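Quick notes on the structure that follows.
What follows is the structure in structure tokens.
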């Protein structure tokens, strides 16, 4: 909570820079490409995705991927599955030229590790679940996704509502209100107390 508050201006700036880079990608006409992400996720989420093929899912934060599968593999090298966690490789199709509302960018030239070929997705990106596979031999599941504009309209309407709310409230007050509305009342209370101690 405190970290989000402290980095709020950085988050806003990063969203803006990704939007600028995305416009440059549109001009270059990148076509369709594949990106990868190796990660451990809660086992119940993996099972939920297996039963949700064809459905949409959305991220609640920035989503880092790589054009290089070996880079993605490095992030799960040596990972051990447990009753609660399972190791997966996300294989994501990005039909770049067809996407009008999704914000993402190739940030390799800005990275300290350009060889990672990082593609960074902004907040609230929507994916369609195409296929989910178990791999009992290697212990790494495969989740096939496609980035889509579907469902983004709902997110944009939500963003528009937030913008309207900001006319009457500061961003700081709105953030705390959104926490409370999403059921995170204890976090909201903690946030507002922190706000009282930091604002003049």
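Numbering (my numbering), first residue to last: 14 to 213. Note that the Cβ used here is the ideal one computed from N, Cα and C, for glycine as well. Computed from a predicted structure; not experimentally measured.
Residues in its own chain within less than 8 Å of residue 142 by CB, not counting five upstream and five downstream? The residue you call residue 142 lines up with position 129 of the chain shown. Contacts found: 62, 65, 66, 67, 68, 69, 70, 156, 157, 158.
Touch test, the stretch 31-39 against the stretch 114-128, Cβ-Cβ under 8 Å, three pairs minimum: Yes: at least three Cβ pairs fall under 8 Å.
Could you name the residues that DSSP lists as bridge partners for residue 102? Indexing the chain shown from 1 puts residue 102 at position 89. DSSP, once it has assigned bridges, lists 51, 155 as partnering residue 102.
Please report the straight-line C-alpha distance between residue 50 and residue 58, rounded to a whole angstrom. In the chain shown, counting from the first residue as 1, residue 50 sits at position 37. In the chain shown, counting from the first residue as 1, residue 58 sits at position 45. Computed Cα separation, rounded: 16 Å.
For the candidate residues 56, 107, 103, whose alpha-carbon lies nearest to that of residue 35? Here residue 35 is taken as the residue at index 22 of the chain shown, counted from 1. When each option's Cα is compared against that of residue 35, the closest is 107.
Extent of the continuous beta strand (DSSP E) to which residue 78 belongs: Start at 1 with the first residue of the chain shown, and residue 78 comes out as number 65. That run of the beta strand (DSSP E) goes 76-79.
Extract the residue ranges of the beta strand (DSSP E) inside the stretch 89-147, only unbroken runs of 3 or more that lie entirely within it. The qualifying runs are 98-108, 117-119, 131-134, 139-146.
Using the three-state DSSP reduction, which class does residue 71 fall into: helix, strand or coil? The residue labelled residue 71 in the question sits at position 58 within the chain shown. Note: residue 71 maps to strand in three-state DSSP.
Using only alpha-carbon positions, find the residue among 211, 152, 37, 44 that is nearest to residue 91. What you label residue 91 is simply residue 78 of the chain shown in a count that begins at 1. Out of 211, 152, 37, 44, 152 has the C-alpha closest to the C-alpha of residue 91.
Looking at residue 162: is its Cβ nearer than 8 Å to the Cβ of residue 116? Taking the chain shown and counting its residues from 1, the one referred to as residue 162 is at position 149. Taking the chain shown and counting its residues from 1, the one referred to as residue 116 is at position 103. Result no, Cβ atoms of residue 162 and residue 116 do not sit closer than 8 Å.
Runs of alpha helix (DSSP H) lying entirely within the stretch 18-45, each at least 4 residues, in chain order: You should have 21-41.
Would you say residue 74 lies against chain D (beta-carbon separation less than 8 Å)? Going by chain labels, chain D is absent from the structure shown, which holds only one protein chain.
Residue 85 versus 95, 100, 72, 93, residue with shortest Cα-Cα distance: Taking the chain shown and counting its residues from 1, the one referred to as residue 85 is at position 72. Measuring from the Cα of residue 85, the nearest candidate turns out to be 100.
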